Amino acid sequence: MTPSPGDWPLLRQLRGEDRMGRGAAARSRHTAGLTPRTAAADRVVKSVCPYCAVGCAQNLYVKDDRVVQIEGDPDAPHSRGRLCPKGSATLQLTTGEARERHVLYRPPHGADWERLDLQTAMDMVADKFVATRREGWEWERDGKRTRRCMSIAALGGATLDNEENYLIKKFLTSAGVIQIENQARVCHSSTVVGLGTSFGRGASSTLPGDLQNSDLIVLEGSNMAEAHPVAYQWVMEAKARGATVIHVDPHYSRTSALADMFVPLRAGTDIAFLGGIINHVLQTDSDFREYVLAYTNAPTIVREEFEDAGPDGIFSGFDPEKGKYDPSSWQYDGAFVAAAAGQRDLEGNVEGLADEGEGRDEAAAREQPKLDMTLEHPRCVWQILKRHYATYTPEMVERICGVPQDVFAEVCRLFVENSGRERTTAFVHGVGWTQHTIGSQYIRAASMLQLLLGNMGRPGGGVMAMRGHASIQGSSDIPTLFDTLPGYIPMPNAHRHEDLDEFVATTSARRGFWGNLRDYTVSLLKAWWGPAATSENDYCFGYVPRLTGSHSTYDTVMEQIKGTVKGYFLFGENPAVGSANTRMQRLGMSKLDWLVVRDFSLIESATWWKDGPEIETGEMRTEDIGTEVFFFPAAAHIEKEGTFTNTQRMLQWHHKGQDPCEEQRSDLWFMYHLGKRIRERLAGSHDEMDRPVLELTWDYPTEGEHEEPTAEAVLAEISGWNAEGEFLGGYTELKDDGSTSCGCWIYSGCYAEGVNQTARRKPAREQNWTGPEWAWAWPMNRRILYNRASADPEGRPWSERKALVWWDEEQGKWTGHDTPDFEADKPPSYRPSPDAAGPDAISGATPFIMQADGRGWLYAPSGVADGPMPTHYEPQDSPVRNRLHEHQRNPARQTYAHENNRYHPGPGEPGEGVYPFVVTTYRLTEHFTAGGMSRWTPYLSELQPEFFCEVSPELAAERGLEHAGWAMLVSARGVIEARVMVTDRMTPLRVDGRTIHQIGMPYHWGANGYSKGDSMNELSSMALDPSSHIQEVKALTVDIRPGRRPRGPARQELVREYRERAGITEMTGMAP
Amino acid sequence: MTTRAQVLELLDQGHTYETAARELRIPAGQAYMIATGLPADGSDAPSPEELAEKPVLPGSSQQLVNPPPFNPTRKQHVIDWVRRRAERDLRAPSR
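As they're listed, the protein sequences go chains A and B.
Take any residue in the first sequence, note its place counting from 1, add 58, and you have its number in the numbering used here.
Take any residue in the second sequence, note its place counting from 1, add 10, and you have its number in the numbering used here.
Shown next as structure tokens:
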């Protein structure tokens, strides 16, 4: 249309109200006709970002029952309205074209997908479940009752709602399925062990918003600015207030760019680094002595039988044949204490432990640990620590980590100067610490340092574990994990837990809140089995299937390959990209009878039978693969309601903005209706194996034409009620007489008074920085854990500057800026009687109330499988000899001997040098974990379109690599290709007299989606931390050379050729 | 164009941003922007000092520009269902 003179901007300006041209005159008629989608919407629905664990609050703008825009919620205390690129792309993720809308089905040996209607698919899966369960049923093993199904397994999901994970765990457990895992296993399981054994709870002790109060922030094993961008605003707030920020990492990233100091170190050597700082603090007496004496187990005397790891690197109690420790010699002198987390029941099949346990050995459990407040007794923890870390000198740190001594000295100085009464230091960590064969001990080392420096429980202090998925904290708490029941109650073990009394005797602690384990367990059993659970039948405790060892996701893969596991569910998880050794993942799935994949799009774990690497190489043929595959399109977070638990333990409710399309359904709908169908098929059965399923409480209210279960009812069950139908206010109201019901004791109170506390949205400016009335945090809405430790033993803040909670003598209660993580009316002067038990046995001056001795553990007498103190071992694959101990690798680590899981030779072993370069992995802001939620999203794929590796200019020159060219990377497991980025961000390190090159790679890519590339995890192996069963993907070795990788059969030929050159056998790398 | 002085005068008279905006025949969010220099949808990042100087609302301002929020915190049918569950599961004779 030809513009008229009246459209000319100058004339319009002169004729209109904005004669000076400052605003309205610059607006075209077209623009004037536009209305922002936010203004035209009918309503704003409160929601939460589905990506990482910061849990940024979102506003969904809804018009005509469809979501038309998504923005950040500016009232949120933790995110303040910000969204990162992923959060900003949520509308495209959820309403874009990439999502599947219909069920797809691949018949056995089929060449392609077929359509299958939803109801038929559900019926087929239910039929297969029933049949497979019966075929794989096991009543006992080794003469012990197990009552379980070993032929079905499930994986996922950390992006699911808590209510969904709850129903998955509840139903599958009732059906006897124990191989239930999710991303939490492969992500932060080491954190649960490390923090749990040190402090009493295995979750982040603080919130990102509290970092603004830090004087020093040390980010290590974390790329927070990249992986948790919105939370990083709090680090910047701290900087604006004068804090110093240090980033310790093998790879210079966006986090490093915003830090005051970047410390490059060799991947896999953080224990040596942290141990060096611990040694510095101990040798220079730079600890916060009053805090250490009062609040840690530094003064506690250890058994005479304990022997520290000497030159060989082995603690007392190691069985070299089994590769496991008997930890009984690590215990306190004259007293027995159980750990609050980690391996609380110890391995059921470790002989000699049958008589251990606080309930069994009543005499030992009743005794108080012996203390030496002078810290001079040779067997007190303090002296043990000093001896243990004496070899972690600055010289050794430089030699092992590649950190120059002057840089290390500066880090130590900053730590010491920013800790104590008046100042606090915070640690921030991610999976750079957890994903190692010694990962739990990484977290232990940081925890010890924070205890020594008095930083726990105080504003600006703590250990901030940055978890990675929207509700991975929730999927650990609820959990869809094999080894725990909701609230970190251990799954019972066949060898030790015949009945409830036995279970409580060997698992509970005599002192502290784990002393009420029976209350939590009975209340859970009542929630699951309702009226069927009575005192006469142990509240159906016998219905819970038993463990007989590790049944982690990696063990499940081995069982798939063996042919034991026939059916597999994937709930929003993509192991063909995200788990270690993706080849083994696909091999396992190729042995299944049936596979159910629930996701937004056709991820690699759904299509491997058609287009996986083994099809391309010719090792497998589609028509030979008998696995029957069902793909169910999943509903997005805007299409359902429920809670996510973010990294600061905060449960946030997200409401529904629109209905899902076509056959998309929530996982809540799927699990509930699958369970209904299975129960219908078992109805009338008199078989004892079916009673737990038939007697399960499974009658949630439903809504709408699709009969969507009411998620709020599930949350109410999780929170708990009493016999009068009154909602519980917290776990202190739970009882063991069957009069209370509670699906997860640590979440008790989240539905108090019949109000969905997780949906509270009081604006940030109306409350303090902890945001106590925004949503709800476990436990009992405490935002900073162990905050009793912010006051001295007399209940006064250590300093006014760092006041958090304190004792109010007039009111006779604890008060302050946070909900006290302590019994509100227990005075500092309270001292328990010798016979006191449970919480009554915790004095008024010991803040770690979940610990059996009320103290933070510098030394862990139990709970960690590979030692009471962190010790440096090299990663499974390492080009560097261990200079601290004779044993190269963690002697207690878990290994898997399989021709597709071969390890690399170490230094001094035949074939060393074939894989000389260290690889470490990381995230990018614009992509998300295994890519299922980013590689199909055009905005995000455009921002980061291609898989790449980062190499130093020196390595590029050595290997002839060109910037923007191609490189292939080879390990004993596989070969991949990546674009090359030559950059100073990767620093060659001087280690033990030679140069070590490191290569950095993101791990988001796979063969499907808009942005495609090889998967980094083709290179990694299955070698696990023995406590957490987590894989080592943060430090491995490869060779790198220019060019693209081979295609077809030549791909595996290359891998074989390398293995032959390295002389790799089934024994390579198996020795410690 | 409405001036800051006009908005502030109305606020001083006891108007809210919503009623002041109606008087001035402008959107409520625009009145807020004129008075404070900050967007009502919270998309700016003012420092605490800036906030202290301006006539910002004590809590949230997004209601000035957004459609009505949907955030119920109670569902009666859930409460009723819980009571039935408690009756059946916890008050039945064999507990």
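All C-beta atoms in this analysis are idealised placements derived from N, C-alpha and C, irrespective of residue type, glycine included.
Note that the coordinates shown come from a computational prediction; the quantities given were computed from them, not determined experimentally.
Query raised in the report: In its own chain, which residues sit with a C-beta less than 7 Å from the C-beta of G1106 (chain A), not counting the 5 before and 5 after it?
Result: If we look at G1106 (chain A) and ignore the five residues flanking it on each side, its Cβ neighbours are E674, T675 and G676.
Report task. With distances taken Cα to Cα, identify the nearest neighbour of V112 (chain A) among A:R164, A:N958, A:N845 and A:G488. Result -> Per the C-alpha coordinates, the member of A:R164, A:N958, A:N845 and A:G488 positioned closest to V112 (chain A) is A:G488.
Query raised in the report: Who are the Cβ neighbours of E775 (chain A) in its own chain at under 6 Å, not counting the five residues just before and after it?
Result: Counting only residues of its own chain and dropping the five nearest sequence neighbours on each side, E775 (chain A) has a CB closer than 6 Å to the CB of A585 and G801.
Query - Three-state secondary structure (DSSP) of D1097 (chain A) - result: Residue state, collapsed to three classes: strand.
Report task. Tell me, please, whether the CB atom of Q72 (chain B) is closer than 7 Å to any CB atom in chain A? Result -> Yes, its Cβ sits closer than 7 Å to a Cβ of chain A.
Query raised in the report: M524 (chain A) by DSSP, collapsed to three states: which one?
Result: Note: M524 (chain A) maps to coil in three-state DSSP.
Query raised in the report: Whose Cβ in chain A lies nearer than 7 Å to the Cβ of M43 (chain B)?
Result: Those do not exist, as M43 (chain B) stays about 11 Å from chain A at its closest Cβ, beyond 7 Å.
Query raised in the report: Using a Cβ-Cβ cut-off of 7 Å (strictly less than) and excluding sequence neighbours within five positions of R418 (chain A), which residues of its own chain qualify?
Result: Here the model assigns R418 (chain A) a pLDDT of 42, short of 50, so the residue's position is not dependable, and the following value carries that caveat. Shown here for R418 (chain A): same chain residues with a beta carbon closer than 7 Å to its own, the five before and five after excluded, namely A563 and T564 in chain order.
Query raised in the report: Exposed or buried, which one is A62 (chain B) when buried takes at least 16 other CB atoms within 10 Å?
Result: Within a 10 Å sphere around the beta-carbon of A62 (chain B) sit fewer than 16 other beta-carbons, which makes this residue exposed.
Requested in this report: Quick one: give me the first and last residue of the alpha helix (DSSP H) that G333 (chain A) is part of.
Outcome: Where G333 (chain A) is concerned, the enclosing alpha helix (DSSP H) stretches over D328 to Q341.
Requested in this report: Provide the residue span of the beta strand (DSSP E) that contains N117 (chain A), from first to last.
Outcome: A115 to K121 is the extent of the beta strand (DSSP E) around N117 (chain A).
Query - Residues that DSSP places opposite C1007 (chain A) in a beta bridge - result: For C1007 (chain A), which the question treats as bridged, DSSP gives the partners A:V1038.
Query raised in the report: With 7 Å set as the bound, which would you pick, yes or no: does the beta-carbon of V126 (chain A) sit closer than that to a beta-carbon of chain B?
Result: No, its Cβ sits nowhere closer than 7 Å to a Cβ of chain B.
Query raised in the report: Within this structure, are the beta carbons of T249 (chain A) and A528 (chain A) separated by less than 7 Å?
Result: The Cβ atoms of T249 (chain A) and A528 (chain A) lie no closer than 7 Å to each other.
Query raised in the report: So, using beta-carbon positions, are P166 (chain A) and E1012 (chain A) closer together than 7 Å?
Result: No, Cβ-Cβ distance for P166 (chain A) and E1012 (chain A) is not below 7 Å.
Query raised in the report: Quick one, are the C-beta atoms of D328 (chain A) and Y450 (chain A) less than 7 Å apart?
Result: No, the Cβ-Cβ distance between D328 (chain A) and Y450 (chain A) is not below 7 Å.
Query raised in the report: Which residue from A:D879, A:E295, A:N826 and A:Y1061 puts its Cα closest to that of G788 (chain A)?
Result: The candidate whose alpha carbon is nearest that of G788 (chain A) is A:D879.
Query raised in the report: Cβ of R471 (chain A) versus every heavy atom of the ligand SAH: is any distance shorter than 6 Å?
Result: Looking for the ligand SAH in the displayed structure turns up nothing, as the structure carries no ligands at all.
Requested in this report: Pair every Cβ in the segment 534–546 of chain A with every Cβ in the segment 758–774 of chain A, then say whether three or more of these pairs are closer than 8 Å.
Outcome: Contact between the segment 534–546 of chain A and the segment 758–774 of chain A is absent: fewer than three C-beta pairs spanning the two stretches fall below 8 Å.
Query raised in the report: Should P77 (chain B) be flagged as near chain A, meaning a C-beta pair shorter than 7 Å?
Result: Taking a beta-carbon distance threshold of 7 Å, P77 (chain B) counts as an interface residue toward chain A.
Query raised in the report: Alpha carbon to alpha carbon, what distance is there between P974 (chain A) and G260 (chain A)?
Result: In this structure, the CA atom of G260 (chain A) is about 36 Å from the CA atom of P974 (chain A).
Report task. Tell me whether M616 (chain A) sits in a helix, a strand or coil according to DSSP, three-state version. Result -> In this structure, M616 (chain A) counts as helix in the three-state DSSP scheme.
Report task. Would you kindly check if the distance between the Cβ of R723 (chain A) and the Cβ of A693 (chain A) is under 7 Å? Result -> In this structure, R723 (chain A) lies closer than 7 Å to A693 (chain A) by Cβ.
Query raised in the report: In terms of residues, what are the limits of the alpha helix (DSSP H) holding Y980 (chain A)?
Result: That residue, Y980 (chain A), is in no alpha helix (DSSP H); its beta strand (DSSP E) goes F975 to Y980.
Report task. Using a Cβ cut-off of 7 Å, pull out every chain B residue sitting near N826 (chain A), in sequence order please. Result -> Neighbours of N826 (chain A) on chain B: none; closest Cβ ~13 Å, over 7 Å.
Query - First through last residue of the alpha helix (DSSP H) which encompasses G31 (chain A) - result: Outside the displayed span of chain A (59 to 1130) sits residue 31 (chain A), for which this structure offers no information.
Query raised in the report: Ordered along the chain, which non-local residues of its own chain (more than five positions away) have a Cβ less than 6 Å from that of K793 (chain A)?
Result: Sequence-distant partners of K793 (chain A) (beyond 5 residues in either direction) whose C-beta falls short of 6 Å from its own C-beta, in its chain, are D577.
Requested in this report: Measure the alpha-carbon distance for L582 (chain A) versus A899 (chain A) and round it to whole angstroms.
Outcome: C-alpha separation (whole angstroms): 24 Å.
Requested in this report: Verify whether the separation of the beta carbon atoms of A45 (chain B) and P58 (chain B) is less than 7 Å.
Outcome: P58 (chain B) sits away from A45 (chain B), with the two beta carbons spaced by 7 Å or more.
Report task. Work out the CA separation of T83 (chain B) and K714 (chain A) for me, nearest whole Å. Result -> Cα atoms of K714 (chain A) and T83 (chain B): separation of roughly 13 Å, rounded to the nearest angstrom.
**Report entry** is_contact[L100 (chain B), chain A] using C-beta, thresh 7 Å
**Finding:** So, interface residue.
Report task. Give the straight-line distance between the Cα atoms of I372 (chain A) and H1087 (chain A), rounded to the nearest whole angstrom. Result -> Distance between the alpha carbons of I372 (chain A) and H1087 (chain A) is about 20 Å.
Query raised in the report: Do we get a CB-CB distance below 7 Å when we pair E858 (chain A) with the residues of chain B?
Result: No, its Cβ sits nowhere closer than 7 Å to a Cβ of chain B.
Query raised in the report: In whole angstroms, what separates the C-alpha of H435 (chain A) from that of T342 (chain A)?
Result: The straight-line gap from Cα to Cα measures roughly 19 Å.
Query raised in the report: Assuming N1137 (chain A) contacts G518 (chain A) under a Cβ cut-off of 8 Å, what Cβ separation, rounded to an integer in Å, is found between them?
Result: Beyond the ends of chain A as shown, which are 59 and 1130, falls residue 1137 (chain A); an answer cannot be given.
Query raised in the report: From the beta carbon of P36 (chain B), is the nearest beta carbon of chain A less than 7 Å away?
Result: According to the sequence displayed, residue 36 (chain B) carries Ile and not Pro. No, I36 (chain B) lies away from the interface with chain A (no Cβ there is under 7 Å from its Cβ).
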